[in-house]
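Residue numbers (the UniProt record's numbering): 1 to 401.
Glycine included, every Cβ here is placed at the ideal spot set by N, Cα and C.
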């Protein structure tokens with residue numbers, strides 16, 4: 001048997017061929033992530049006279065080109081969790097960190113765990129695309145928070161209090177009244193520079209042109225706010241107008257991107273058999289439904305509901321030593337943080353809306369709270385139950401076909 005350890009980095013990998021007892025076939029060498037280099041690596045593996053298994057560490061996005069190419073050519077590949085590899089490497093007394101040493105250590109891991117290596121099974125393209133879209137959705141969501149904070153800080157210095165009179169929508173950028181208004185009237189001075197009657201007429205005309213309802217009462221409130229406001233950024237400074245308008249533009253672009261990503265996620269999710277079942281579960285809506293499916297992926301890859309719980313990092317490892325057995329245990333958090341966040345949002349929604357039908361999760365949450373559990377702990381316990389129900393219902397759908 002030959003273990004092929006691959007230490008993956010950006011754009012290149014270091015490869016080590018190793019036989020039992022630490023015998024290397026040749027010195028570790030570098031392979032670039034190009035068609036020619038990977039083809040040469042495949043030929044080297046296939047010409048071996050003994051069974052060969054490739055072992056690599058999961059490195060975010062960097063390992064996918066190598067993994068995909070090797071699987072397309074029928075090579076046995078195991079992708080190891082970075083934490084598992086880290087613990088294995090730290091057993092050694094002597095330390096050292098180079099690409100060549102890492103490739104040797106990964107190859108050694110393959111030999112030591114030879115009979116426990118599991119061949120990587122690619123998930124369906126639709127689940128991969130959903131997960132990629134959801135991760136980008138979360139990235140843009142973080143960017144939106146920062147962009148909204150930037151705009152809020154600027155408005156506090158140019159139009160303090162305007163956000164209390166106009167609403168901001170992220171799910172429909174074309175109906176974002178606050179951004180549209182601020183783009184037109186970017187400073188209190190741009191309102192107070194005209195008489196009240198003229199502003200009311202201008203506001204009503206602007207509202208109609210943007211598809212909003214004209215409101216003289218609203219216009220009067222805005223004008224009164226502008227008269228009473230104390231801007232701390234001068235309207236005479238050319239950069240003030242530029243900064244406000246650019247902040248609005250960035251926020252609108254991010255909102256448009258989020259809507260586009262979510263629309264594609266819904267389209268993909270609807271093509272899956274479990275879509276209707278998942279959408280019928282309490283707390284799952286048009287936004288959280290596709291995101292939940294994206295993070296869980298193909299539920300058939302989990303051998304039990306407990307495996308799904310562990311994947312989410314919601315399992316509580318046992319702690320026992322001698323006569324002591326720990327009862328107050330915390331969740332491991334060694335799993336998908338994105339799935340935990342999405343699940344927590346669903347639990348929050350359930351707690352707020354109190355479903356009357358299919359309310360087993362909600363009742364379980366209330367039960368935990370009455371037992372004295374903190375509200376967050378009760379939600380996590382309810383999420384555990386929710387995922388078990390999810391697993392059972394979706395597995396049943398696929399068992400029928």
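- Partner residues in the beta bridge of residue 52, as assigned by DSSP, are 2.
- Secondary structure at residue 47: coil, using DSSP grouped into helix, strand and coil.
- Around the beta-carbon of residue 223, 16 or more other beta-carbon atoms lie within 10 Å, marking it buried.
- Inter-residue distance for residue 374 and residue 111 is about 46 Å (C-alpha atoms, whole angstroms).
- DSSP links residue 16 through a beta bridge to 5.
- In the three-state DSSP reduction, residue 354 falls in the coil class, being neither helix nor strand.
- Using a Cβ distance threshold of 8 Å, residue 89 and residue 55 do not count as a contacting pair.
- Excluding residues up to 5 positions away in sequence, 69 lie with their Cβ nearer than 6 Å to the Cβ of residue 38 in the same chain.
- Out of 20, 31 and 26, the CA that lies nearest to the CA of residue 7 is found in 31.
- The beta carbons of residue 182 and residue 277 sit about 43 Å from each other, so the pair does not count as a contact at 8 Å.
- Of the candidates 246, 250, 271 and 287, 287 places its Cα closest to the Cα of residue 259.
- Note on residue 343: 16 or more other CB atoms within 10 angstroms of its CB, so buried under the neighbour-count rule.
- Beta-bridge pairing by DSSP links residue 29 to 15.
- Contact check for residue 355 against residue 238 fails: the beta carbons are separated by 8 Å or more.
- Under the three-state reduction of DSSP output, residue 77 falls in the strand class.
- When C-beta atoms of the region 209-227 are compared with those of the region 186-197, three or more pairs fall below 8 Å, so the two segments count as touching.
- The straight-line gap separating the alpha-carbon atoms of residue 23 and residue 146 is approximately 53 Å.
- Note: residue 24 is bridge-paired with 18 in the DSSP secondary-structure output.
- The residue among 386, 137, 398 and 399 with its C-alpha nearest the C-alpha of residue 309 is 386.
- Nearest in C-alpha terms to residue 347, of all of 142, 246, 211 and 377, is 377.
- Taking 8 Å as the cut-off, the beta carbon of residue 48 is found no closer than this to the beta carbon of residue 120.
- In the structure shown, residue 400 falls within a coil segment according to DSSP collapsed to helix, strand and coil.
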